[in-house]
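This report concerns only the one structure given below.
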Amino acid sequence: MHRWLLTDDIVVYYYYHFQGQGLIYPTIQGICNKLGITESSFKARIQNLIYVITNGQEGLSNAANQTREVAELLEYSRQNDTNFQNNLQVVVNRILR
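Each residue of the sequence shown is one higher than the one before, starting from 475 at the first, in my numbering.
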């Protein structure tokens with residue numbers, strides 16, 4: 475079983491909002507292979523993120539506290555940083571190296 479790292483949740487957040495745009499591994503399959511995560515687990519984590527972002531209106535409940543914390547931090551940053559996507563893309567590509 476994969477132990478989710480903070481960096482994994484950051485990658486999930488980026489993929490949910492921007493798909494693979496600008497990433498060195500632009501597909502779920504490539505990302506999952508690099509991080510050692512199953513595709514079904516990655517997709518479920520996206521659904522957990524959706525649940526958090528929509529305040530429980532959509533997605534899968536039982537999101538991990540870490541997923542909630544990443545979502546809250548990055549949603550705040552996304553609203554207040556005009557270069558958010560580019561800045562986060564750099565971070566995610568470093569995670570995926």
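Just so it is clear, CB atoms sit at the ideal spot from N, CA and C, and this is done for glycine as well. Bear in mind the structure is a predicted one, so any value in this text is a computation, not a measurement.
DSSP places A518 inside the alpha helix (DSSP H), whose first and last residues are E513 to I527. The Cβ atoms of A545 and V564 do not sit closer than 8 Å to each other. Rounded to whole angstroms, the separation of the alpha carbons of G510 and N529 is 29 Å.
In this structure, the CA atom of Q503 is about 14 Å from the CA atom of I520. Contact check for Q559 and F492: beta-carbon distance about 6 Å, within the 8 Å limit, so the pair qualifies.
Excluding residues up to 5 positions away in sequence, I520 and L523 lie with their Cβ nearer than 6 Å to the Cβ of Y490 in the same chain.
Apart from the 5 residues on each side of it in sequence, Y499 sits with its Cβ closer than 7 Å to the Cβ of I505, K508 and L570 in its chain, given in chain order.
If you check the CB distance, W478 and A538 come in under 8 Å. Secondary structure note for D555: it is in no alpha helix (DSSP H), with a DSSP letter that is neither H nor E.
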